[in-house]
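Q: Please see the structure below; I have some questions.
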DNA sequence: CTGAAAGCGCTTACAG
DNA sequence: CTGAAAGCGCTTACAG
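This is the structure:
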């Protein structure tokens with residue numbers, strides 16, 4: 001059988017409370033005692049029993065992360081957020097329990113009701129997300145990565161997608177471009193109100209409008225044929241786009257570059273291209289692309305920070321938007337004409 | 001505060017042991033009593049406290065799944081296994097804790113040592129995997145999806161990759177093809193000894209050999225340029241391949257089909273193509289491809305089954321290989337010459 | 001078919 | 001700086 005705190009106490013010649021306090025640091029312990037306890041722990045290979053700890057201490061050191069991973073969604077980006085959350089959680093000694101689509105709501109009820117977890121991180125939130133509706137009734141610390149339509153009472157963290165769109169549009173318009181195009185996510189993402197595609201598209205369109213330039217949006221499925229016809233839409237009409245913003249998965253972006261090549265269009269000579277809110281590396285593309293990156297580690301470590309804060313008691317609801325950064329790679333410049 | 005078993009017992013007018021037994025079914029309970037208990041549970045919104053349950057019952061109802069999700073690995077396929085595991089686990093009332101690369105070994109020690117989990121599912125195993133080495137010392141139920149170089153003492157489940165290769169090679173050779181090609185994973189996968197690419201490639205080569213036909217292997221990185229040159233390798237030499245087996249991610253397979261198109265090669269007129277051990281849908285390709293699918297649900301639900309069995313006590317170590325199935329779509333036929 | 005009670009392995013006031 | 005002990009909320013022999 002595994003060693004218990006009693007074994008450690010005996011081995012170290014102290015009481016179990018002293019062992020517990022030495023471990024938690026919640027009470028001063030003399031150096032000499034601490035060393036003996038540490039030696040005993042090493043000697044016995046002791047690890048505190050999680051169940052007992054949870055029961056007595058009312059802390060499980062597990063967070064739930066709910067990420068639907070819908071079948072038509074781009075897995076690598078979404079998983080990058082899950083991994084970033086796991087990594088950030090470990091900084092606070094927390095593990096993560098993964099709740100997926102099948103059991104989004106049932107799972108939330110189960111793990112919070114039975115106190116398997118101390119808090120919840122909500123990923124890939126929809127404008128109107130039933131997980132949020134449920135969460136409001138649940139009385140458990142939670143942080144939303146993303147911003148639902150009604151964020152009242154919630155703690156939300158996200159990249160400032162409106163600022164991303166603004167940056168991209170300004171860059172292009174300042175460069176002299178008057179006809180902008182957005183290569184976006186599949187239509188289904190917008191229809192279901194998936195948070196970041198929607199917010200980005202809206203900001204893109206309204207920024208273009210307020211700068212007085214045209215904005216065309218194409219939303220291809222993830223098939224070759226669709227990527228092609230989306231590019232045809234943007235580039236083969238009477239008023240072809242000269243400033244392209246891509247907010248879609250990497251394979252589509254690579255396709256799009258193929259298509260520009262096939263048309264003999266030079267970047268940035270004929271067309272300026274910006275990759276917006278991308279989680280992947282755009283330097284491996286040909287050519288390397290200017291990018292306004294979406295950094296999962298950033299959003300998630302802040303989210304975990306805010307979740308940990310809530311362990312001590314409720315905090316002020318808020319929407320925290322992280323400022324974007326424009327990274328120059330030479331794919332967007334002034335219109336040369 | 002949340003309701004406890006004491007509240008339920010009081011509300012139902014029975015003892016707490018009766019409530020517990022009604023919940024677990026480990027002792028008969030009269031219908032009348034059961035109904036009153038169920039009513040009380042509903043009334044109070046009772047959910048058993050996981051920590052207390054784990055402490056008293058020595059069962060946490062959580063499995064760990066360790067999936068490194070290496071950065072250069074194809075996320076969708078790997079996540080499909082994680083999701084399939086989570087889904088299968090839920091059939092037995094289990095949740096899953098996700099352990100990723102950062103914390104593969106430390107995480108395993110932690111969650112098993114502190115009894116956060118009742119068992120471990122090991123995903124994406126390498127030929128020589130330090131997780132396996134660790135696991136052998138750990139005394140916790142475990143099932144490996146995949147087969148390491150030395151499976152002694154382990155319970156392993158996997159698709160029979162050798163049989164997949166056999167099926168593919170036989171199909172092509174029976175169709176008259178004498179020059180086979182394999183479009184495989186990136187070289188790094190083989191170098192690190194990633195299980196299924198290695199096993200597949202070896203079987204492919206040896207099956208071809210024993211059928212007396214040539215076998216060429218290309219292992220492109222996931223870039224356009226590399227996919228192109230890999231296809232050039234296979235199809236632009238003096239003895240171009242006529243039977244192509246693809247064991248790589250979907251975007252590369254799509255690229256490969258592009259490349260065949262670009263060469264004016266007809267499928268299956270000029271080249272027969274089989275997609276091997278693919279987790280994605282090959283009917284959306286142009287043309288739809290014959291496929292010998294790798295079905296995560298299959299491997300994972302069997303793995304979970306075997307893990308649950310071990311909860312009752314040790315079981316015989318074994319390597320269970322699941323038989324593959326050939327699905328015809330018309331992309332592989334006899335050489336028309 | 002049901003109940004009273006010990007015990008799982010911790011944390012944390014309470015006491016000194 | 002340290003200890004003795006109550007108590008967290010369950011499960012499961014033990015008893016009837």
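Residue numbers (the UniProt record's numbering), protein chains in the order written: chain A, 1 to 337; chain B, 1 to 337. Beta carbons are placed, not taken as given, at the ideal position from N, Cα and C, and that holds for glycine. None of these values were measured; they are calculated from a predicted model.
Using beta carbons (cut-off 8 Å, strictly below), is residue 96/A in contact with chain B?
A: yes
Q: Taking 8 Å as the threshold (beta carbon to beta carbon), is residue 26/A in contact with chain B?
A: no
Q: How many Å lie between residue 337/B and residue 256/B at the Cα?
A: Its pLDDT being 47, under 50, residue 337/B is placed unreliably in this model, and the coordinates cannot settle the point.
Q: Mind pulling the chain B residues with CB within less than 9 Å of residue 111/A?
A: 50, 95
Q: Between 280/A, 25/A, 266/A, 57/A, which lies nearest to residue 118/A when the distance is taken from Cα to Cα?
A: 57/A
Q: Decide if residue 141/B is buried, meaning its Cβ has at least 16 other Cβ atoms within 10 Å, or exposed.
A: buried
Q: Could you spell out the range, first to last residue, of the beta strand (DSSP E) harbouring residue 319/A?
A: 318–322
Q: With DSSP as the reference, label residue 158/B as helix, strand or coil.
A: strand
Q: Have a look at residue 143/A and residue 17/A and give me their C-alpha separation to the nearest angstrom.
A: 34 Å
Q: Using a cut-off of 9 Å between C-beta atoms, extract the partners of residue 23/A located in chain B.
A: Those within 9 Å of residue 23/A in chain B number zero; the least Cβ separation is about 12 Å.
Q: Assuming residue 272/B and residue 243/B make a contact with CB atoms under 8 Å, what is their CB distance in whole Å?
A: With a Cβ gap of about 5 Å, residue 272/B and residue 243/B count as contacting.
Q: From the beta carbon of residue 224/B, is the nearest beta carbon of chain A less than 8 Å away?
A: yes
Q: Which residues of chain A have a Cβ atom closer than 7 Å to the Cβ of residue 114/B, listed in chain order?
A: 47, 48, 49, 50
Q: Kindly indicate which three-state DSSP category residue 60/A falls into: helix, strand or coil?
A: coil
Q: Between residue 74/A and residue 307/A, what straight-line distance do the alpha-carbon atoms span, to the nearest angstrom?
A: 26 Å
Q: Check whether the Cβ atoms of residue 349/B and residue 318/B sit closer than 8 Å, and answer yes or no.
A: The question about residue 349/B has no answer, for chain B in this structure spans 1 to 337.
Q: For chain A, find out if any of its Cβ atoms is closer than 8 Å to the Cβ of residue 259/B; answer yes or no.
A: no
Q: Would you verify that the beta carbon of residue 76/B is, or is not, closer than 8 Å to some beta carbon of chain A?
A: Chain A has a Cβ within less than 8 Å of the Cβ of residue 76/B.
Q: From the DSSP secondary-structure annotation, give me the bridge partner or partners of residue 96/B.
A: 63/B
Q: Going along the chain, which residues of the segment 227–260 of chain A sit with their C-beta nearer than 8 Å to a C-beta in chain B?
A: 251, 254, 258
Q: Taking residue 199/B as part of the beta strand (DSSP E), name the residues at either end of that continuous run.
A: It is not in any beta strand (DSSP E) - residue 199/B instead sits in the alpha helix (DSSP H) that spans 195–210.
Q: Hey, quick one: how far does the alpha helix (DSSP H) through residue 91/A stretch, first residue to last?
A: Residue 91/A -> no alpha helix (DSSP H), and no H or E assigned at all.
Q: Output the distance between the C-alpha atoms of residue 52/B and residue 108/B, rounded to the nearest integer angstrom.
A: 23 Å
Q: In its own chain, which residues sit with a C-beta less than 7 Å from the C-beta of residue 193/A, not counting the 5 before and 5 after it?
A: 126, 127, 128
Q: Are the CB atoms of residue 282/B and residue 288/B within a distance shorter than 8 Å?
A: yes
Q: Could you check whether residue 292/B and residue 324/B sit closer than 8 Å to each other, using their CB atoms as the reference points?
A: Yes, Cβ-Cβ distance for residue 324/B and residue 292/B is below 8 Å.
Q: What's the gap between the Cα of residue 4/B and the Cα of residue 59/A?
A: 17 Å
Q: Just to confirm the assignment, what range does the beta strand (DSSP E) spanning residue 244/A have?
A: 243–246
Q: Taking only beta-carbon positions, decide if residue 138/B is within less than 8 Å of chain A.
A: Residue contact check for residue 138/B against chain A: no CB pair falls below 8 Å.
Q: In terms of residue numbering, what span does the alpha helix (DSSP H) encompassing residue 129/A cover?
A: Segment: none, residue 129/A is in no alpha helix (DSSP H) and carries neither H nor E.
Q: Measure the C-alpha to C-alpha separation of residue 284/B and residue 222/A and round it to an integer number of angstroms.
A: Going by the C-alpha atoms only, they are around 10 Å apart.
Q: By a C-beta neighbour count over all protein chains shown, 10 Å radius and 16 as the cutoff for buried, is residue 87/B buried or exposed?
A: buried
Q: For a cutoff of 8 Å on Cβ pairs, would you count residue 167/A as touching chain B?
A: no
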